[in-house]
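Below is one structure, written out as structure tokens; the observations come after it.
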Amino acid sequence: MNLPFEETRNLRPATRAIHCGEGVDAETKAIRRPIVMANSFKLNDTSETLAESFAWDNTHAYNYPRSRHPNGRYLEERLAGLEGGEDCVVFASGVAAVGGAFFSLLSAGDHIISSRVCYIGIHGLLVEHLGKRFGVEVSLVDTTDAKQVRAALRPNTKLIHIETPANPTTLVSDIAASASIAREAGAWLTVDSTFSGVIAQQPLLLGADLVMHSLTKYINGHGDGLGGAVIGRQDLITRIRDAASIHLGATINPFGAWLMARSIVTLPLRMQRHCENALVIAQFLEAHPRVKAVRYPGLASHPQHAIAQRQMSGYGGMLNVILNADKQAIFTFLESLRVITHAVCLGHAESLVQYYPQEGNHPELGVLNYPEDIGEGFLRLSVGLEDPADLVDDLAQALARLPD
Ligand SMILES: Cc1ncc(COP(=O)(O)O)c(C=O)c1O
5 MNLPFEETRN LRPATRAIHC GEGVDAETKA IRRPIVMANS FKLNDTSETL
55 AESFAWDNTH AYNYPRSRHP NGRYLEERLA GLEGGEDCVV FASGVAAVGG
105 AFFSLLSAGD HIISSRVCYI GIHGLLVEHL GKRFGVEVSL VDTTDAKQVR
155 AALRPNTKLI HIETPANPTT LVSDIAASAS IAREAGAWLT VDSTFSGVIA
205 QQPLLLGADL VMHSLTKYIN GHGDGLGGAV IGRQDLITRI RDAASIHLGA
255 TINPFGAWLM ARSIVTLPLR MQRHCENALV IAQFLEAHPR VKAVRYPGLA
305 SHPQHAIAQR QMSGYGGMLN VILNADKQAI FTFLESLRVI THAVCLGHAE
355 SLVQYYPQEG NHPELGVLNY PEDIGEGFLR LSVGLEDPAD LVDDLAQALA
405 RLPD
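For the sequence shown, our numbering begins at 5 and goes up steadily by one.
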């Protein structure tokens, strides 16, 4: 592949996933980028050229890897190309990416509106830290209802943050409607698109200023890495890179970045299979007598199915299943699963399930933060890449063990 980065952006998504940020290594002619572990880079030696070694606008000027390193940059180019963003900055984790953006763009006295239901780590960052300790005004609203977002606006609203589909509830917020509310208010719209894995939805094309991903999930997909990314407008990405990479320092390591870039090659194919498998499982569960409810954006019964149809090209691999069973019975179900693993995380090749018990001391699961959205028997299922018939068989035999 000999196309420069800007031209790889014109390719179709499956080709972009393979070629953006890739290239022939100048020294060895390897057709895979090498992993550069160096923590220091040679600076220019003249007073005329020294500044170039530190130039932010030269994305390939390296000096010290906390601010930027080659493997991080290749990954940024691949992600920017895939999401259709002007630029990207990568971090050591998804929380570091979202936190890096918030800390770079918000100051004490600013107001942020965020999805009431969002990943518990982000919820805590907003409420416990930005809100209680750093003087940022935080409004958590039901962003699936654009009217509530509009009603929450204040003169100092700087940022609207939506997570769609939301973790763990799969609730869907309207990206285009949120973008126009943000634009009218002179605020930025940021979208945590982790559940879509890049391929299933493109928030920047719908008007978002920035899109965030936990790379740990679908983008890595192999369950062996941790990373995060913010993608979008050049001016905002430069600001985040400057403030967060240098001063907060949660930089992804070169090997981690290489792993993510390697994984993205198969992302379009993997996402297609996640979406197909999840629909099979959602339909099987919806018809099962021991299941009280299933929530999957691809089912007509999902409360925001119409919005999902408009803004998603696939519905992802995440679904909720609410079982007609008490806590003890649910642990029997979990213990009986043979193919599906009871574990945190999502977007892996293997299917994972997580239980959110209503009783007991489990503050780490965040159940108490969204009591209206999660009832007893709530499970979050990350449907993997296995043969769907094996997943159906596994679920069927475990459901059969539930006591009457
Ligand atoms: C929607 C969403 N955003 C952000 C994160 C945080 O990502 P990480 O675990 O990579 O820090 C998660 C983690 O589950 C998530 O689901």
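Ideal placement from N, C-alpha and C gives every residue a C-beta, glycine not left out. Just so you know, these numbers come straight off a predicted model, no measurement behind them.
Opposing strand residues paired with residue i [DSSP bridges]
i: residue 358; result: 384
i: residue 324; result: 299 and 384
i: residue 2; result: In this structure the chain extends from 5 to 408, so residue 2 is not present and cannot be described.
i: residue 335; result: DSSP, once it has assigned bridges, lists no residue as partnering residue 335.
i: residue 15; result: Answer by DSSP bridge pairing: none, since residue 15 is not bridged.
i: residue 95; result: 232
i: residue 280; result: For residue 280, which the question treats as bridged, DSSP gives no partner whatsoever.
i: residue 40; result: Partner(s): none; residue 40 has no beta bridge.
i: residue 145; result: 119
i: residue 26; result: DSSP, once it has assigned bridges, lists no residue as partnering residue 26.
i: residue 306; result: DSSP output for residue 306 lists no bridge partner at all.
i: residue 167; result: 196
i: residue 161; result: 115
Residue i (DSSP reduced to helix, strand or coil)
i: residue 124; result: helix
i: residue 49; result: coil
i: residue 345; result: strand
i: residue 81; result: helix
i: residue 111; result: coil
i: residue 151; result: helix
i: residue 244; result: helix
i: residue 134; result: helix
i: residue 20; result: helix
i: residue 316; result: coil
i: residue 376; result: coil
i: residue 249; result: helix
i: residue 10; result: helix
i: residue 31; result: coil
i: residue 271; result: helix
i: residue 75; result: helix
i: residue 389; result: coil
i: residue 294; result: coil
i: residue 70; result: coil
i: residue 262; result: helix
When the options are compared against residue i, the one with the closest alpha-carbon
i: residue 105; options: 190, 130, 280 and 119; result: 130
i: residue 114; options: 71, 162, 211 and 305; result: 162
i: residue 318; options: 190, 201, 15 and 101; result: 201
i: residue 397; options: 191, 136, 288 and 100; result: 288
i: residue 315; options: 26, 177 and 99; result: 177
i: residue 294; options: 403, 93 and 166; result: 403
i: residue 236; options: 62, 81 and 127; result: 81
i: residue 250; options: 69, 136, 46 and 305; result: 69
i: residue 418; options: 263, 311 and 281; result: Look at the range of the chain in this structure, 5 to 408, and you will see that residue 418 is not part of it.
i: residue 281; options: 348, 389, 90 and 353; result: 389
i: residue 46; options: 83, 28 and 65; result: 65
i: residue 103; options: 264, 8 and 127; result: 127
i: residue 159; options: 116, 151, 100 and 408; result: 116
i: residue 214; options: 83, 223 and 331; result: 83
i: residue 88; options: 313, 191 and 10; result: 10
i: residue 274; options: 354, 384, 123 and 132; result: 354
i: residue 6; options: 27, 17, 14 and 13; result: 27
Beta-carbon gap between residue i and residue j smaller than 8 Å
i: residue 97; j: residue 220; result: yes
i: residue 302; j: residue 386; result: no
i: residue 329; j: residue 108; result: no
i: residue 285; j: residue 392; result: yes
i: residue 241; j: residue 21; result: no
i: residue 198; j: residue 217; result: yes
i: residue 50; j: residue 121; result: no
i: residue 337; j: residue 327; result: yes
i: residue 185; j: residue 271; result: no
i: residue 382; j: residue 39; result: no
i: residue 194; j: residue 212; result: yes
i: residue 157; j: residue 189; result: yes
i: residue 148; j: residue 308; result: yes
i: residue 85; j: residue 25; result: yes
i: residue 90; j: residue 206; result: no
i: residue 261; j: residue 92; result: no
i: residue 357; j: residue 344; result: yes
i: residue 110; j: residue 144; result: no
i: residue 167; j: residue 196; result: yes
i: residue 43; j: residue 57; result: no
i: residue 405; j: residue 305; result: no
i: residue 324; j: residue 263; result: no
i: residue 138; j: residue 231; result: no
Neighbour flag for residue i against chain D, beta carbons, 8 Å
i: residue 11; result: Any reference to chain D falls outside this structure, which holds one protein chain only.
Within the stretch 191-242, note down every full alpha helix (DSSP H) run reaching 4 residues or more, in order along the chain. Within the stretch 191-242, there are no complete alpha helix (DSSP H) runs of at least 4 residues.
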